[in-house]
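S.K.:
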Amino acid sequence: MTKAGIKIEDVHLSFGETEVLKGVNLDIKPGEFFAFLGPSGSGKSTLLRAIAGFGPDPRGRILIGDRNVVGQSPWKRNVGMVFQSYALWPHMSVRDNVGFGLKERKLPNAQIRPKVDAALDLVGLAHLADRMPNQLSGGQQQRIALARTIVVEPEVLLLDEPLSNLDASLRVQMRRELLNLQRKLGLTTIFVTHDQEEANTTSDRMAVLDGGVIQQIGTPQELYDTPANLFVANFLGTANILKGRVEADGTAARFVTETGDHLSLPAGMRSSGSNIVLRPQNITLLREEGPNTLTGTISHKEFLGSQIRYLVNAGGTEMVVDQSHSAGLDWFETGTQVFLQTNTSSAIVL
Amino acid sequence: MSSSSSSSGAQAAGLSDRVPNWLVPNLSGLHIAAVLIALLLIGLLLVPVAQVMIVAFQDPATGAATLQNFVDFFGTSLFRESFWNSFYVSAMSVVVATAIALPLAYITTRFHFSGSILIQSLGFIPLIMPPFVGAVAMQLIFGRNGTVNLLLRDWFGISIPFMEGLNGVILVQSIHYFPFILINLSASLRNIDRSMEEAAQNLGSHGMRLFRRIVFPLAMPGYIAGAALVFIKVFDDLGTPLLLNVNNMLAPQAFLRISSIGISDPMGYVISVILVVFSILSLWASFLFMRGKDYATVQKGGGGMAKRSLKPLEKTLAYGTVILILLVVLSPHLGLLLLSFGTIWSFAPLPDGYTLQNYITMWEGSKTFILNTVLYAGIAATLDVIIGTAIAYIVLRTGIFGRKALDYLATAALAVPGVVLGIGYLRTFHQIDVPFTGEPMASWWVIIALALMIRRLPYALRACTAALQQVSLALEEAAESLGATKRRTIQKVVIPLMTGGILAGFVTSFATAAVELSATIMLVSSNNDAPLAYGIYLFMQTPSGRGAGAALGIVAVIVVAIGTIASQIIIERDKKLKASGDAH
Ligand SMILES: Nc1ncnc2c1ncn2[C@@H]1O[C@H](COP(=O)(O)OP(=O)(O)OP(=O)(O)O)[C@@H](O)[C@H]1O
Ligand SMILES: [Mg+2]
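Line by line, the protein sequences give chains A and B. Going by my numbering, the first residue of the first sequence is number 1, and it counts up by one from there. Going by my numbering, the first residue of the second sequence is number 351, and it counts up by one from there.
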């Protein structure tokens, strides 16, 4: 199978007056599993559909391999797309659904059959070939839709929220299967989701979109550990954000919060910005004051099993703090005064 | 909740807890109504139709059960030919109606096409004219010496037999009934989810192949529903072949046998059985076909229909097609209008001159027709909404035994062709005399009104049911919990809230009853009792009467048009009123 990368160069796209994509640039490597992550309405589907050739023609260039597909009809692009609704044709059997693309490519029937069987085998549903789509479960429909797309050996695979219509446990299973399949075929894949866990667990790299603009591109860890802006910091995982300013005297730098607390910053940390981002697991709750602590009161607590999640009111800011739990450990009761010790080496100043 | 709805006010609450519903005194009014309606439907629908069925299987002389009538029927070449012709005309009408409806439905639903709304509403226009009314006008436009052929002969020296024999019936019927296909097919097309098509395009399909393999199969259920309806309507129709003087079809044969030989001739009954069987068969076939094919595919994550912009060449082609089709479709109306204002129109593309004389003649000659029509359709529509409201209430709000049967029975009238009902009435009521006057009931004018009432009841019933469904049960319960009795609740709460729907049902029933021909033509015993549709038929029998007939036809079209528009407006206004009521 040919591996092709996808390059998106300064793509703008409008529905009438409203601009939905505002200058998108991306470089997806051949064979990469790439995720588009973003809140509802951020333009993920619009971008994906533009790659497949649906919707209004965008400005800019979209390269698949080295051919610019902007303006090309969808049926000429050889881009495989799996729809959120699966879009299995209800009047055709599973076999006819999967064989459709091959028939369109005018393959002789003798060659279609084995290919269809192989594709169904790949998704583990060869025994359902003669069913009608309405006789399949959601997960099965999903796999048939996938088989229907990969059987024509597209150059790239586009998945628009393929798991969103499945229930939670099936979703976890399917995303693993999807990743295995992608690895097996080595197919350049774009996966649209608004579920960060899905993006984190599957993708090699991802792009976070908001308001039609790419906020950041990177591996899941990079985005989590070093978010480029507050939006990304907030969108990926839980973030406590304190406002304030960085003060430096000589080599030592510290972050002074609006409430006047001082948090010393490790040497070499970026030293400009008016926000400090603290992840819940990088804060330790103490009963006594110590270095780099903030004062607060426990306002709420939730037992999550391996962790206890506290909401702590620190000088008017509600902070989320996760403490790992093991048997016999004492809890902080609500109303208790606590001291929040921040591990500033993993903090981010933005 | 259910105990409060069955209780009949505070005083009776204790009682109704202990005794079954049907013993609670205040409900008995509804029981009496249910029984009366059941008797009425049995007497005016079930018995007459059963009569027809039975007579078809009886030896006319001895009354013994026999199949001989059917043997005779299929042994007569005229009947075999009529049977085949009816079948052929119906099937061909479906084909031609499809050819008209398919492009209109496709272009208006799948493309950005200015005028889509215009087409979708112009598409309904044929339905507001009884088909037989347009038939004569079509003769003048498409006939051997009609406008089109005269021009074709002038320009190219050819002529096309559009209106010769069966062709004429096919053309008139398909132009009249194609909206059934247009409406259903458009709805189906609109319900196809965008992703269904996009998935196919994504896999390399486009253009006609995409349409043939994905779009049309998905729209098939709607198409079949429309096509089955067209088939039945054409198969049963009497007026059009009669007016075009095509007698070798089933319905005209039934009519001619009964009206010339008399009601003892078994052939009319045999034909009736065949008509009913075909009605039921085609409904059943379309039901079978559609079973398990509920392709309402608009899905989560999709987004309705994808409309595409037309390229310049496609646009020209699309406009050309649409304009041509609309011209053909509107030709009966145009022809009728010209004919009604024309002096003499024969062997010429257009009338020789224009005048108002036809309208004057028409008015003088058809005051009785018009008055009769208002009387009959008025009675029919009034009874329809009363009975419709009662049935709707009984079905939706009570647990009365057999309430579903009442609903089915009233709706079954849909499957009974007008000719069959007419013959059934003649047969059933000719032995019964009208009280006091002593004339046979079959020739009493009231019977015409009752036939119309039965024929329009299914439509009125649907309107009333829909209206009642919109009245929240909570409103009724509120009234009852304040101590209102069942009867007062119905009077003061339910009926007023249903008014819009009931009015819409009345107007539709009235307007369509006003132009009914197939049952009335059998039942009219003297010209003094004849309604408008029959009047048009009479006028059109003579060349000199055609102008006035056309004028009367225009009156009929206007009546139905006003009725249709009025009922739409009433329904819309009612909806808005209800919506604003909900908001407060
Ligand atoms: N056909 C359309 N016409 C006009 N605006 C549209 C159309 N389709 C999408 N939009 C707008 O474009 C923006 C981006 O939509 P898009 O479907 O790409 O969002 P998304 O990121 O996929 O969101 P979701 O997670 O809800 O699927 C939205 O504001 C939406 O309202
Ligand atoms: Mg989306």
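Here a beta-carbon is modelled for each residue, glycine too, at the ideal position from N, C-alpha and C. Every value quoted in this text rests on a predicted model; they were computed, and no experiment measured them.
Answer yes or no: does any C-beta atom of chain A fall closer than 8 angstroms to that of Leu-373/B?
M.R.: Residue placement at Leu-373/B cannot be trusted, given a pLDDT of 45 that sits under 50; what the coordinates show is reported in the next sentence. Not one chain A Cβ lies under 8 angstroms of Leu-373/B.
S.K.: Along the stretch 553-566 of chain B, where does the CB come closer than 8 angstroms to a CB of chain A? Name the residues.
M.R.: Under the 8 angstroms Cβ criterion, the stretch 553-566 of chain B contributes Leu-553, Gly-554, Ser-555, His-556, Arg-559, Arg-563, Ile-564.
S.K.: Counting only beta-carbon separations shorter than 8 angstroms, does His-127/A have a partner in chain B?
M.R.: No, its Cβ sits nowhere closer than 8 angstroms to a Cβ of chain B.
S.K.: Measuring from the CB of Lys-358/A, is there a heavy atom of ligand 1 at a distance below 7 angstroms?
M.R.: In the structure as shown, chain A starts at 1 and stops at 350, and residue 358/A therefore has no counterpart that could be examined.
S.K.: What residues from chain B crowd round Arg-105/A, counting only those whose CB sits closer than 7 angstroms?
M.R.: Correct list: Gly-554.
S.K.: Compute the Euclidean distance between the alpha carbons of Gln-649/B and Leu-88/A, then round it to the nearest angstrom.
M.R.: Legend: pLDDT at Gln-649/B = 48, less than 50; position of this residue unreliable, value from coordinates given subsequently. Between Gln-649/B and Leu-88/A, the C-alpha separation is close to 11 angstroms.
S.K.: Name the one or two DSSP bridge partners that Glu-547/B has.
M.R.: Answer is none; Glu-547/B lacks a bridge partner.
S.K.: Name, going along the chain, the residues of the stretch 522-551 of chain B whose beta-carbon falls closer than 8 angstroms to a beta-carbon of chain A.
M.R.: Within the stretch 522-551 of chain B, the residues whose Cβ lies closer than 8 angstroms to some Cβ of chain A are Asp-543, Ser-545, Met-546, Glu-548, Ala-549, Ala-550, Gln-551, listed in chain order.
S.K.: Quick one: what's got a C-beta closer than 8 angstroms to Tyr-704/B's C-beta in the same chain, skipping five residues either side?
M.R.: Contacts found: Phe-691, Gly-692, Thr-693.
S.K.: Among the candidates Ala-147/A, Arg-183/A, Thr-201/A, Leu-146/A, whose CA atom is the shortest distance from the CA of Val-172/A?
M.R.: Here the closest residue by C-alpha is Thr-201/A.
S.K.: With C-beta atoms as the reference, is Leu-600/B less than 8 angstroms away from Ser-436/B?
M.R.: Closer than 8 angstroms, so yes.
S.K.: Would you mind reading off the limits of the alpha helix (DSSP H) that contains Asp-586/B?
M.R.: That run of the alpha helix (DSSP H) goes 566-586.
S.K.: Any Cβ of chain A within less than 8 angstroms of the Cβ of Leu-660/B?
M.R.: It does not; no Cβ of chain A falls within 8 angstroms.
S.K.: Return yes when at least one heavy atom of ligand 1 lies under 7 angstroms from the C-beta of Thr-290/A, else no.
M.R.: This sequence places Gly at residue 290/A; Thr is not what is there. Checking the Cβ of Gly-290/A against ligand 1 gives no.
S.K.: Could you name the residues of the same chain whose beta carbon sits closer than 8 angstroms to that of Cys-814/B, not counting the 5 residues immediately before and after it, in chain order?
M.R.: The residues are Val-735, Gly-738, Thr-739, Ile-741, Ala-742, Met-848, Gly-851, Ile-852, Gly-855.
S.K.: How about Leu-568/B: is its C-beta nearer than 8 angstroms to some C-beta of chain A?
M.R.: Leu-568/B counts as touching chain A.
S.K.: Starting from Ala-742/B, trace the alpha helix (DSSP H) in both directions and tell me its first and last residue.
M.R.: Its alpha helix (DSSP H) spans residues 707-747.
S.K.: Can you look up His-556/B in the DSSP assignment and give me helix, strand or coil?
M.R.: If DSSP states are grouped into helix, strand and coil, His-556/B belongs with coil.
S.K.: Looking at the secondary structure, which residues open and close the alpha helix (DSSP H) in which Gly-518/B lies?
M.R.: Its alpha helix (DSSP H) spans residues 516-540.
S.K.: Any heavy atom of ligand 1 closer than 7 angstroms to the beta-carbon of Ser-40/A?
M.R.: Within the cutoff, so yes.
S.K.: Pick out whichever of Ala-239/A, Ser-324/A, Arg-205/A has its Cα sitting closest to the Cα of Asn-275/A.
M.R.: Looking at the Cα atoms, Ala-239/A is the closest of the given residues.
S.K.: Check the C-beta distance from Phe-512/B over to Leu-521/B and give it rounded, since I have them as a contact under 8 angstroms.
M.R.: Right, their Cβ atoms sit about 6 angstroms apart.
S.K.: Please name the residue in Ser-440/B, Ile-450/B, Leu-389/B, Ile-920/B whose C-alpha comes closest to that of Thr-680/B.
M.R.: This sequence places Leu at residue 680/B; Thr is not what is there. For Leu-680/B, the nearest C-alpha among the options comes from Ile-450/B.
S.K.: Once the 5 residues before and after Arg-590/B are set aside, which same chain residues still bring their CB inside 7 angstroms of it?
M.R.: The sequence as given places Thr at residue 590/B; Arg does not occur at that position. For Thr-590/B, where only same-chain residues beyond five positions count, the Cβ hits under 7 angstroms are Pro-481, Phe-482, Ala-485, Val-519, Val-522, Gln-523.
S.K.: Alpha carbon to alpha carbon, how far is Ala-900/B from Leu-771/B? Give it in angstroms, no decimals.
M.R.: Those two C-alpha atoms are separated by around 28 angstroms.
S.K.: By the 9 angstroms beta-carbon criterion, what residues does the stretch 61-84 of chain A contribute toward chain B?
M.R.: So the close ones are Ser-73, Pro-74, Trp-75, Lys-76, Arg-77, Asn-78, Val-79, Gly-80, Met-81, Val-82, Phe-83, Gln-84.
S.K.: Would you say Val-208/A touches ligand 1, meaning its beta carbon is less than 7 angstroms from a heavy atom?
M.R.: No, ligand 1 has no heavy atom inside 7 angstroms of this Cβ.
S.K.: So what's Thr-202/A in DSSP terms, helix, strand or just coil?
M.R.: In the structure shown, Thr-202/A sits in a helix (DSSP, three-state: H, G or I).
S.K.: Which residues of chain B have a Cβ atom closer than 9 angstroms to the Cβ of Ala-367/A, listed in chain order?
M.R.: Nothing about residue 367/A can be reported from this structure: the residues present for chain A run from 1 to 350 only.
S.K.: Mind checking which residues open and close the beta strand (DSSP E) that includes Arg-563/B?
M.R.: No beta strand (DSSP E) contains Arg-563/B, which DSSP labels as neither H nor E.
S.K.: How about Thr-18/A: is its Cβ closer than 7 angstroms to a heavy atom in ligand 1?
M.R.: At least one heavy atom of ligand 1 is nearer than 7 angstroms to the Cβ of Thr-18/A, so yes.
S.K.: Answer yes if the stretch 750-770 of chain B comes into contact with the stretch 829-849 of chain B, meaning at least three C-beta pairs across the two stretches below 8 angstroms, and no otherwise.
M.R.: Taking 8 angstroms as the limit for Cβ pairs, the verdict is that the stretch 750-770 of chain B does not touch the stretch 829-849 of chain B.
S.K.: By the criterion of Cβ-Cβ separation under 8 angstroms, what are the contact partners of Val-152/A in chain B?
M.R.: Neighbours of Val-152/A on chain B, chain order: Leu-553, Gly-554.
S.K.: Please determine, among Ile-744/B, Met-640/B, Ala-883/B, Arg-430/B, the residue with the shortest C-alpha to C-alpha distance to Leu-979/B.
M.R.: Outside the displayed range of chain B (351 to 934) lies residue 979/B, so it cannot be described from this structure.
S.K.: Mapping DSSP to helix, strand and coil, what is Ala-253/A?
M.R.: Three-state DSSP puts Ala-253/A in a strand.
S.K.: Tell me which same chain residues have a C-beta within less than 6 angstroms of the C-beta of Ala-347/A, skipping the five on either side of it?
M.R.: Correct list, in chain order: Ile-276, Leu-278.
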